[in-house]
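**Student:** Those protein sequences? They're chains A, B, C and D, same order as listed.
Residue numbers are given in our numbering: position 457 of the first sequence equals residue 452, and the series is strictly consecutive.
For our numbering, add 5 to where a residue sits in the second sequence, where the first one is 1.
For our numbering, add 906 to where a residue sits in the third sequence, where the first one is 1.
For our numbering, add 96 to where a residue sits in the fourth sequence, where the first one is 1.
First the structure, which I've put down as structure tokens, then a few questions once you've had a look.
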Amino acid sequence: MSATAVHSLWTMAGGVTSTAPVEKFKAPVIEYTQLAPVLIVIGVAVVGVLVEAFVPRRARYYTQVFLTVVALAAAFAAVVGLAAGGYGTTKAHIAAMGAIAIDGPTLFLQGTILLTSLVAVFTFAERRLDPAAHGKHVVDSFAAQAASVPGSDSEKAAVRAGFTTTEVFPLVLFSVAGMLVFPAANDLLTLFVALEVFSLPLYLLCAVARRKRLMSQEAAVKYFLLGAFSSAFLLFGIALLYGYAGSVSYATIANVVNGSVTQIDPALADTMGNDALLLIGGAMILTGLLFKVGAVPFHMWTPDVYQGAPTPVTGFMAAATKVAAFGALLRLLYVVLPGLAWDWRPVMWAVAIITMLGGAIVAITQTDIKRLLAYSSIAHAGFILAGVIATTPDGISSVLFYLGAYSFVTVGAFAVVTLVRDAGGEATHLSKWAGLGRRSPLVAAVFAVFLLAFAGIPLTSGFSGKFAVFKAAADGGAGGLVVVGVISSAIAAFFYIRVIVLMFFSEPKADGPTVAVPSPLTMTTIAVGVAVTLVLGLAPQYFLDLASQAGVFVR
Amino acid sequence: MSFPLLTATAALPAIGAVATAAVPAARRTAAKWLALVFSLATLVLAGIALARFEPGGERYQLTESHAWIKDFGVRYELGVDGIGVVLMALTALLIPFVILAGWHDADPLETKSSRWRPTQGFFALILMVEAMVILSFEATDVFLFYILFEAMLIPMYFLIGGFGDRAHTGSDENAAAQRSYAAVKFLLYNLVGGLIMLAAVIGLYVVAGTFSLSEIAEARANGSLSMATSTERWLFLGFFFAFAVKAPLWPLHTWLPNAMGEATSPVAVLITAVVDKVGTFAMLRFCLQLFPEASKWATPVIVVLALISIVYGALLAVGQRDIKRLIAYASISHFGFIILGIFAMTSQGQSGATLYMVNHGISTAALMLVAGFLITRRGSRLIADYGGVQKVAPVLAGTFLIGGLATLSLPGLAPFVSEFLVLVGTFSAYPAAGVIATTGIVLAALYVLVLYQRTMTGPVKAEVQGMADLKVRELVVVLPLIALLLFLGVYPKPLTEIVNPAVQHTMSDVQKKDPQPEVEAAK
Amino acid sequence: MNPVYYLYLAALLFTIGAAGVLIRRNAIVLFMCVELMLNACNLALVTFSRMHGNLDGQIIAFFTMVVAAAEVVVGLAIIVSVFRSRHSASVDDASLMKL
Amino acid sequence: MENLIALLVAAPLLGAAVLLCGGRRLDRAGHWLGTLLAAVSFVIGVVLFLDMLGKGAEDRTLHQKLFSWIPVEGFQADVAFQLDQLSMTFVLLITGVGTLIHIYSIGYMEHDERRRRFFGYLNLFLAAMLILVVADNYLLLYVGWEGVGLASYLLIGFWQHKPSAATAAKKAFLVNRVGDMGLSIAIMLMFTTFGTFAFGPVLAATGETSEGKLTAIGLMLLLAACGKSAQVPLQSWLGDAMEGPTPVSALIHAATMVTAGVYLIVRSGAIFNAAPDAQLAVVVVGAVTLLFGAIVGCAKDDIKKALAGSTMSQIGYMILAAGLGPIGYVFAIMHLVTHGFFKAGLFLGAGSVMHGMNDEVDMRKFGGLRKYMPVTFITFGLGYLAIIGFPGLSGFFSKDKIIEAAFAKGGTEGWILGSVALLGAAITAFYMTRVMLLTFFGEKRWQPDAEGHQPHPHESPKSMTIPMIVLAFGSVFAGGFFSIGDRFLNWLEPVTGHSHGHAPIGAATVTAATMVVLVIGVAIAWAMYGRKPVPVVAPRGSLLTRAARRDLLQDDFNHVVLVRGGEHLTRSLVYVDHTLVDGVVNGTAASMGGLSGRLRKLQNGYARSYAVSMFGGTAVLIAATLLMRAV
């Protein structure tokens, strides 16, 4: 493989084997066109940083929004172009000297991430929701000046001056770039770097809410510390796997794991014999990924961070991170560790079960809509894990489909959450949502559609996704998981229904929140969410086809 | 390609629902008329379907088949057998009455809000339910059926929770709480049932690889699809559980009295006369056809549960103080009969059960709607608040009595035919069960007559004084139903002719033959 | 010297770091513990690199250092801003959101 | 000719439909229409009868199939009629007495604003009763059976504003339903045994099945008969049914409907003949009821209730006779017919008395009415003589035959049954004489009614007296007409069969014994009520009297055991439904909520504890993978 070629180059350069003639340095081959989506996003992100430096404050917002949207759209176009060019199927291969896999899942997930990010960015750019609070300045969801202390004079001054944190746009782009690489990573190093690239901007994004800044900062601290903690685990796992296989390339590790490796030098033979390295390493990498996915018991950051982060960020994070992380998880389990399936399947079974049940049960007693959606996302992670465990091609495609369906619902739902506001900003406490259906039937109805999709009611995308995943799981011999999934769906239904009851059947409170009339930006987000929800619910065949065509990993 | 009649029958009310919902807030009455017109047009289409159906022909007729979700092995497959077409027609028949009866049920109490359009919503939801129910009677694809089975819960849920009976005791908040409790209970019970069925649906796919009823049946018949006994049983239980919740069968019944009590009468009719029929219908179509062996295996338990439902429902009906809850428990008792008839697995039992679904739909509609008219007048659901109504409103009392007599299966009225068939069918297979079920007829008389006595007879209560008799709109609702009850009681042949062949198909699915009369068996 | 000992040391350092994260309250100390864990990883990587005789591990170690530096940038920014608003670096004080 | 059968039923049915749906417009002419249609039905009946007489005894049976009612695989129920001599007898009785009572009601109900509806119900009753007797299968019979039950319900509860009437109506329907349960089980048994429930095939095939099956069928039919004919233990509704207007009591609760049980048993003779155990049950029920009714009749002060007791008792005779088998069938029917005349006459007389006495029913408040209501007195008196079996009058012939047949049963059974029947005759003489004396003789004990109006007894209008006179003719002559030359026996024998038992004592002896007990009964009654003034307020009376006033405590038993027990049962079931069935579900939900609340606490907001969870999770993950490998 090309990766080893590169590495042996370095090895030789180190002079370990001086007997062999020194080869001529070969420039690495980088398939720029195939990496175009990532490169576009990163490039524009860098430009965005420059914009912050050089463009006058007044024009920054428009420039940034324009650049971000264009970047994401262009990247998406590139993905579509690649897919149309057959890179998802026949021409799938490993690019960038073994670092990146360009194949069906990669393109599908990149497409999903780019689209969800695009819609999510619309909510980032929304500036009409909070007009009354800050006088003449139009404001968005982000702090005027994140560095100023909450409640301090400098903050007030920043607000008065009409500052806005337009840095969020380049940050989002960096994060998206990381996410695009994450599921495509074909060696452990790329995996790690991508993880950090998409995580670090997210930590920052969490911290920059305009309202409830203390909570926002707290969310960021928690997310950061725990995220760093988990990446340490991931990295140690990487070290152990590398120790076991002598390589970080997925393909090589896979060959070593299932024993089909051809050349065995003594050192490799030595470490290969030590299964503990493999098992512990694998488990620790899983830990890192399960953390990102939000699976129990690595989920505990989720509610706090979802609640504290600015809602547009939450929506983006909940949707895109999950897609990227599951993509990476899939690739790890299907490409690197299939030989270890007998070991990780029972463990993942257990994780899936407690994730489904835990998420659903704890959600019952939640009183904050964002926390509720956080727990819901945990339960959904459990459902997706059920599909992951199927270990069949169907499993891959069902997970891909589920991720696509889920991410749009999530972005849409959080977009609706940004609309319901009172004097303190977003009114996220559930009691404030009482009677929303009376006051703004349309918003409530839209949110109900999202909730029903979360609950997996037929004719919504949630049902199609859930059905696909459960079907794959049952086909893959995980019937028990399906039963647990069904039970936790029932439990989960309870709290989704509770919100609907609250919105429609409770009398509106006198001091209840108002529903802001958003700009076309947020409207677009919500409309896309609803449209995708219904289309994937009523006529999912095209997308299922897409997912199943994309359901093959290249090795 | 011929005209997709079945699709049209289901699509029409769906379109109607959208159209009704789109009517501006101020044009309330227009929305009502629009809904009524759509429901009547649906009735016409259903009538055409009924007329086009040839009892002696193919098992499934008017079929349509289109690719839908290939990956799930799902096709958009429609077709009706005798049972389906009859129930479809019943649904189409009842909805105009439901709409007419609920004409004022969703008028907004205050007219100041311009965006809140309850009336439009109410009628749109009713039409939505109609569309889904009709389609579920037509679906010959398990997945398609499942989707509708679940999806219809949502409009039903909003109908129950959003439009409660305005006659209630206690404070408004209390009533609202009760109502949302009932709605949530309805939804959760049915959702849990549905989700368990989902597991079984997936299991079925894993085993069979398709959801097409005809393909599965064919594969089972020619032996290319064999299920392990335990698999079949688990799948059967998954399906049956969902249907038993919907039907509802004891002890899964407790959502029904709440839902029927809190909903407006037309919605209560919608629940018990239309939506719940999907459950019993599905037992006949899916449980027996897909899992014949498991059905036979489970029969003893189901028969016992059905018997408990019959007796228990009737006894609880006697003990109720709320008119609508009483009718709800009576319905539980009746559903016991239907399920008993289905699982007796005799021609008479199953024909009876099918007729029972139709007749119960009509008779409960009649009784419940009149009860609703009564309740609206007095503003109370409590039996004790009434007395002597027949003196002031004789026509109301008379129609109520006829509805009641139909409920207690008086010969000459339609329910008698079906109930007797069920009893005979059960008796010939399980004599003891038949005898126990017969006590249901005494208990039915008890709760109906007690209800009638306490509300309609005796001295005229002060609050009842001056109660108006039925108005023209209400008569238009009630009289056709009563006429139908009489007609089908005297001449049920048109129905039985359509139903019989379908029942024979089902009987051959489960490979059951009617027990021979002793005298002939001896020969 | 047997390189395995380095592995043991790496594991030990990793565990110390993890324990520190669990035990200490000061966000800065917590963060340093995480850095310790990352460096334990680096040690392990380098050791394995030596055992296998290829450079992959060493390269990753370099990357890790860069990443750790980036983490410091982000992390300190967040921690400092929290400190400024709360006048406390204790992570236990940041518990507005729970249940 | 057979097409007329449907018309027979259709005429009153049409009347019912028109009268009940017609609305107020028909108020003025409604009663005439109802009466006319009843008469039309009677005329058709007569035409059919004459036609039947013109044929040979063996081909008198007419069949008419209207349409296939419930065609289901293996199950064939037709709307088809069969008119044979037995049915014919009933048709004439029903339409004849029915028409008379329609006429009577024109006067009786004159002041009731709901008279139109009353006639509608009466017509409905006629139609249902005719369906009952001309049905050619048990299922259609069942339709008529329930139909008369409905009509009876509506008519007993006609004055619904009176709670007692509404309660009585409900009770009647409910008790009847218990009997109906028997009939439906019997039909189901027939279906599983014979594969059909048409009279012809079933009755022809009794030889092909076991006696056990037939006994079961027979007992179930008996249960049905008990309900409809107010036999012990389902007799309790009849007394309360007197809440209905008196013409109703006369028609439905004396002459026709209550005798349907007798019809059922006689019709199913072939089944009973082959099931001696069932037959025994029938005679026991008949004998017990005979005494029961008679005793109750002795104690009642309410004239209609006394007559109701008498009805019960007389039907007991008929059931007894029917239970005797072919010896008794004919006499059962004959007594039924004569009883139809005199009991209807008696009730109409009672109605006439009440009509004149401000609707007073307590006989202790009558007295000396013979002068004020001569026609009523004479017709009532003739009915009285007929019922006690005064020689030469109707009752004498029919009852005598039954007593004779009872003895002819043979053996100890015969002796016991015969004696019971004789004893019944004595008691009959006693209580009827009591009624007669209290009402028409002695001094006036009239009391003002609740509103303080002093009664002014007067003779009733023509429309009421004429039917009474006609019925009195029947009471006097029917028995003789039937018996002379065994006319009735010959008429019915082709249908019911007949056999002469071996009476241990001669017919003359029986007649003589009957006469003796009759005289004794009358004498005792005269001694108690004729010789000395009767107190207006009833004395406390002996234990038996008090028990008899309360229907021999049977109602109390029902009340305590069934009503109270039932109330407790339903109430506890409501509780169970709420706490147990619903409770389990709510409990699951609540416990889920509790679990949620507890698990929620883990999310305590401290980042370090989250890290612990992660660390622990990883540890477990690693341990589990390693363990998995080790195992």
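In this text, a Cβ means the ideal position worked out from N, Cα and C, and glycines have one as well.
Here the structure is a predicted model, which means the values were calculated and not measured.
(1) How many Å lie between C:Phe937 and C:Gly981 at the Cα?
(2) Identify the contact partners of A:Phe224 in chain F, using a Cβ-Cβ distance below 8 Å as the criterion.
(3) What does DSSP give as the partner residue(s) for B:Ser70 in the beta ladder?
(4) How would you list, in chain order, the residues of chain C whose beta-carbon sits under 8 Å from the beta-carbon of D:Met716?
(5) In chain order, what are the residue ranges of uninterrupted beta strand (DSSP E) at least 3 long that sit wholly in the region 79 to 153 of chain A?
(6) With a cut-off of 8 Å, does the C-beta of D:Arg660 fall near any C-beta of chain C?
(7) Could you compute how far the alpha carbon of D:Val380 sits from the alpha carbon of B:Ala488?
(8) Whose C-alpha, out of A:Tyr301, A:Leu437, A:Ser402, A:Ile280, is nearest the C-alpha of A:Gly106?
(9) Return the residues of the region 70 to 82 of chain A that lie within a Cβ-Cβ distance of less than 8 Å from chain B, sorted by chain order.
(10) Alpha carbon to alpha carbon, how far is A:Val176 from A:Phe462? Give it in angstroms, no decimals.
(11) Specify, as a first and last residue, the run of the alpha helix (DSSP H) that B:Pro271 falls within.
(12) Have a look at D:Thr292 and D:Lys161 and give me their C-alpha separation to the nearest angstrom.
(13) Tell me the start and end of each unbroken alpha helix (DSSP H) in the region 231 to 278 of chain D that is at least 4 residues and wholly inside, in chain order.
(14) Beta carbons nearer than 8 Å to chain A: which residues of the region 62 to 93 of chain B have them?
(15) Output the boundary residues of the beta strand (DSSP E) element that contains D:His159.
(16) Since D:Leu179 sits in a beta bridge, which residues does DSSP pair it with?
(17) State the start and end residues of the unbroken alpha helix (DSSP H) segment that holds A:Asp566.
(18) Take every Cβ of the region 427 to 435 of chain A, pair it with every Cβ of the region 470 to 481 of chain A, and state whether three or more of those distances are shorter than 8 Å.
(19) At which residues does the beta strand (DSSP E) containing A:Val415 begin and terminate?
(20) Would you kindly work out how many angstroms separate the C-alpha atoms of A:Gly532 and A:Phe378, rounded to a whole number?
(21) Please give me, in chain order, every unbroken run of the alpha helix (DSSP H) with length at least 4 that falls completely inside the region 398 to 432 of chain D.
(22) Mapping the DSSP letters down to three states, classify D:His594 as helix, strand or coil.
(23) Please state if the CB of A:Val64 and the CB of A:Val116 are separated by a distance shorter than 8 Å.
(24) At what residues does the alpha helix (DSSP H) containing A:Tyr370 begin and finish?
(25) Can you grab the Cα-Cα spacing for the pair D:Gly464 / D:Val572, in whole Å?
(26) For C:Val997, return the contacting residues in chain D, with the cut-off set at a CB-CB distance below 8 Å.
(27) Using a 10 Å radius around the Cβ and a threshold of 16 neighbouring Cβ atoms, would you call A:Gly254 buried or exposed?
(28) Can the beta-carbon of B:Phe348 be found closer than 8 Å to that of B:Ala299?
(29) Measuring CB to CB, does D:Ile101 end up less than 8 Å from D:Val274?
(30) Residues of chain D with CB closer than 8 Å to the CB of C:Val1005, please, in chain order.
(31) Evaluate B:Trp255 with the Cβ neighbour count: other Cβ atoms within 10 Å of its Cβ, from every protein chain shown; 16 or more gives buried, anything less gives exposed.
(32) List the residues of chain B that A:Gln536 touches, going by C-beta distances under 8 Å, in chain order.
(33) Would you identify the three-state DSSP class for A:Leu332, choosing helix, strand or coil?
(34) Could you tell me whether the Cβ atoms of A:Leu273 and A:Leu335 are closer together than 8 Å?
(35) Taking B:Ala15 as the reference, give the member of B:Ala51, B:Ala442, B:Val363 with the closest Cα.
**Tutor:** Once the coordinates are examined:
(1) 8 Å
(2) Absent from the structure: chain F. Protein chains present are A, B, C and D.
(3) B:Glu82
(4) The sequence given here places Val at residue 716 of chain D; Met does not occur at that position. The contacting residues do not exist; D:Val716 stays about 14 Å from chain C at best.
(5) 88 to 90, 95 to 97
(6) no
(7) 45 Å
(8) A:Ser402
(9) none
(10) 29 Å
(11) 270 to 274
(12) 16 Å
(13) 234 to 252
(14) Ala72, Trp73, Ile74, Lys75, Asp76, Phe77
(15) 158 to 168
(16) D:Leu158
(17) Shown here, chain A extends from -4 to 550; a query on residue 566 of chain A therefore has no answer.
(18) no
(19) 415 to 417
(20) 17 Å
(21) 399 to 419
(22) coil
(23) yes
(24) 364 to 384
(25) 24 Å
(26) Tyr702, Ala703, Arg704
(27) exposed
(28) no
(29) no
(30) The sequence as given places Leu at residue 1005 of chain C; Val does not occur at that position. Correct list: Arg696, Lys697, Gln699, Asn700, Gly701.
(31) buried
(32) Ala72, Trp73, Ile74, Lys75, Asp76
(33) coil
(34) yes
(35) B:Ala51
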